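Take a look at the structure below.
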Amino acid sequence: MILKTDCIHFPGDRPCWPNKQFGKICDNCEYYKALKEKILIIKFDAIGDVLRTTSILPAVKRKYRESHITWLTKSNTTDIFIGNEFVDEVLSVENTFTLPKLLSQNFDLILHPDASPVSAAYANIITAKEKLGFTLDEKGKVIPINEEAIEWFEMGAFDQLKKANTKTYQQIIHSILKLEYCKDEILLKLGESEKQFRNKFYADNKLNRYKYLIGINTGGSRRWKYKKWRLDGFKDVIQELEKYPGVGVLLFGGEIESDLINELKSFSKNVINTGTKNSLREFFALIDLVDLLITGDTLALHAATALKKKVICLFGPTSSAEIENYGRIIKVIPDMDCLVCYKQDCDFVPNCMEKITSEMVIEKIKNLIA
20 MILKTDCIHF
30 PGDRPCWPNK
40 QFGKICDNCE
50 YYKALKEKIL
60 IIKFDAIGDV
70 LRTTSILPAV
80 KRKYRESHIT
90 WLTKSNTTDI
100 FIGNEFVDEV
110 LSVENTFTLP
120 KLLSQNFDLI
130 LHPDASPVSA
140 AYANIITAKE
150 KLGFTLDEKG
160 KVIPINEEAI
170 EWFEMGAFDQ
180 LKKANTKTYQ
190 QIIHSILKLE
200 YCKDEILLKL
210 GESEKQFRNK
220 FYADNKLNRY
230 KYLIGINTGG
240 SRRWKYKKWR
250 LDGFKDVIQE
260 LEKYPGVGVL
270 LFGGEIESDL
280 INELKSFSKN
290 VINTGTKNSL
300 REFFALIDLV
310 DLLITGDTLA
320 LHAATALKKK
330 VICLFGPTSS
340 AEIENYGRII
350 KVIPDMDCLV
360 CYKQDCDFVP
370 NCMEKITSEM
380 VIEKIKNLIA
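Dropping the structure here:
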């Protein structure tokens with residue numbers, strides 16, 4: 020019996036999946052692929068940002084067809100890779116064994132599209148034949164590695180350039196990483212357990228009584244309070260939808276939105292609370308129920324996009340231009356000169372999200388459900 024340790028599927032500490040699933044051994048295994056390139060992708064930070072960055076994976080695989088891909092991230096984002104067939108290994112920085120494991124290897128390529136000093140430190144110390152994106156210099160400052168990364172680097176430094184940008188995030192990071200951009204989708208795959216959870220919620224709440232389900236995401240994270248729309252706006256939308264008996268409304272949000280969701284639920288008998296304590300994968304499964312999602316520029320937007328839902332997205336302090344619409348996302352943008360400020364506090368009255376009227380959103384909904 021020959022053990023082919025150079026196979027892309029060989030994990031080292033357990034049987035590979037062809038052996039586990041089909042009883043294959045190396046001598047006669049048609050799944051054998053010799054490992055050619057070993058690639059490390061480094062992307063931390065917000066779950067939504069990590070999720071939308073998965074759109075680079077098809078382009079990576081087209082360029083490096085027999086590569087082994089490791090993704091380094093934080094522990095709270097590892098679950099988005101469940102079922103992702105493009106990523107061979109997901110490592111979290113919090114795991115004490117991650118750094119020694121990475122330092123013991125010599126990668127062919129490191130892809131690090133984020134100008135973050137924290138993740139750039141990993142891009143600096145891990146060995147690779149080639150690196151693209153960002154790293155740290157000898158003084159601990161973030162610097163672009165290749166010429167293609169300079170544009171994004173300067174956008175992060177100057178508000179004027181960020182506001183003037185017309186490229187999507189996906190276009191930008193493909194350029195940074197020298198990948199061909201073909202509008203590849205954000206990757207998110209529901210497993211059987213998530214589908215069962217989704218179907219049970221559908222049955223328990225008798226959602227078959229509705230012809231059309233609209234999700235309203237009330238959350239926007241603790242950091243970005245101006246990604247959230249106002250209570251009166253949500254209320255007006257819900258009350259308008261009362262005129263459509265075939266339309267049900269699912270409310271989404273985290274624990275910090277519990278009171279808001281309870282108040283909104285009281286405005287209509289056709290409003291269902293999806294719960295504020297769902298796991299990340301359960302949240303994805305429930306998003307999959309809706310035909311249309313109304314949300315700010317947050318995780319729910321990227322999850323709904325990955326699940327190929329129609330979306331009405333409300334923009335305030337963040338860049339609407341950076342969102343790839345994939346032909347499914349309708350953007351609602353207030354008329355203000357100070358947009359794309361990325362401020363966490365604002366003394367403007369009314370602020371950008373308050374300038375988005377109920378009529379602006381209701382009109383978009385009517386056009387979609389007509």
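Last residue of the sequence shown: 389 in this note's numbering, with the numbers rising by one and none dropped.
All residues carry an ideal CB built from backbone N, CA and C; glycine is no exception.
Keep in mind it's a predicted model, so treat the numbers as computed, not measured.
Please look up how many angstroms separate the CB atoms of L312 and K327, rounded, as I've assumed it's under 8 Å. Taking the first residue of the sequence shown as 1, we reach residue 312 at position 293. Taking the first residue of the sequence shown as 1, we reach residue 327 at position 308. At roughly 11 Å, the Cβ-Cβ gap does not stay under 8 Å, so L312 and K327 are not in contact.
The alpha helix (DSSP H) enclosing K284, as first and last residue numbers: Position 265 of the sequence shown, counting from 1, holds the residue named residue 284. It spans 277–284 - the alpha helix (DSSP H) in which K284 sits, taken as one unbroken run.
Excluding the five sequence neighbours on either side, which residues of its own chain have a C-beta within less than 8 Å of the C-beta of S394, listed in chain order? The chain is shown only over 20 to 389; residue 394 falls outside these bounds and no answer can be derived.
Take V330 as the anchor and find which of S338, E341, P336, D310 has the nearest alpha-carbon. Locating residue 330 in the sequence shown gives position 311, where the first residue counts as 1. For V330, the nearest C-alpha among the options comes from D310.
Considering only their Cβ atoms, is the gap separating K80 from C45 smaller than 8 Å? Stepping through the sequence shown from its first residue, residue 45 is reached at position 26. Stepping through the sequence shown from its first residue, residue 80 is reached at position 61. Contact flag unset, no.
Which first and last residues belong to the alpha helix (DSSP H) in which N143 is found? Counting from one through the sequence shown, the residue named residue 143 turns up at place 124. N143 -> alpha helix (DSSP H) spans 136–144.
Pull the bridge partners of I58 from the DSSP assignment, please. What you label residue 58 is simply residue 39 of the sequence shown in a count that begins at 1. In the DSSP output, where bridge partners are listed per residue, I58 has I88, L128.
Integer Cβ distance of I205 from L70, believed to fall under 8 Å: Reading the sequence shown from its first residue, position 186 is the one you call residue 205. Reading the sequence shown from its first residue, position 51 is the one you call residue 70. Their Cβ separation, rounded to whole angstroms, is 6 Å, which keeps I205 and L70 in contact under 8 Å.
What residue range does the alpha helix (DSSP H) around G67 cover? Residue numbering aside, residue 67 sits at position 48 when the sequence shown is read from its first letter. Start and end: 66–72.
Just to confirm the assignment, what range does the alpha helix (DSSP H) spanning I381 have? Start at 1 with the first residue of the sequence shown, and residue 381 comes out as number 362. 377–388 is the extent of the alpha helix (DSSP H) around I381.
Relative to the alpha-carbon of L196, which residue among K150, I145, E173, N292 has its alpha-carbon at the smallest distance? Here residue 196 corresponds to residue number 177 of the sequence shown, with the count starting at 1. When only C-alpha atoms are compared, the closest one is K150.
Are the beta-carbon atoms of A176 and L155 separated by less than 8 Å? Counting from 1 along the sequence shown, the entry for residue 176 is found at position 157. Counting from 1 along the sequence shown, the entry for residue 155 is found at position 136. Cβ atoms of A176 and L155: not closer than 8 Å.
Proximity of Y200 and A78 at Cβ, strictly below 8 Å: Here residue 200 corresponds to residue number 181 of the sequence shown, with the count starting at 1. Here residue 78 corresponds to residue number 59 of the sequence shown, with the count starting at 1. Result yes, Cβ atoms of Y200 and A78 sit closer than 8 Å.
Label T2 either buried or exposed according to how many other C-beta atoms from any shown protein chain fall within 10 Å of its C-beta, with 16 as the threshold for buried. Residue 2 lies beyond the stretch modelled for the chain, which goes from 20 to 389, so this question has no answer here.
Contacting residues, own chain, Cβ-Cβ under 6 Å from Y188 (five flanking each side not counted): Counting from one through the sequence shown, the residue named residue 188 turns up at place 169. Answer for Y188: E341, listed in chain order.
With C-beta atoms as the reference, is V268 less than 8 Å away from I257? Start at 1 with the first residue of the sequence shown, and residue 268 comes out as number 249. Start at 1 with the first residue of the sequence shown, and residue 257 comes out as number 238. A contact, by the Cβ cut-off of 8 Å.
Whole angstroms is fine: what's the gap from E85's alpha carbon to L59's? Here residue 85 refers to the residue found at position 66 of the sequence shown. Here residue 59 refers to the residue found at position 40 of the sequence shown. Cα to Cα, E85 sits roughly 14 Å from L59.
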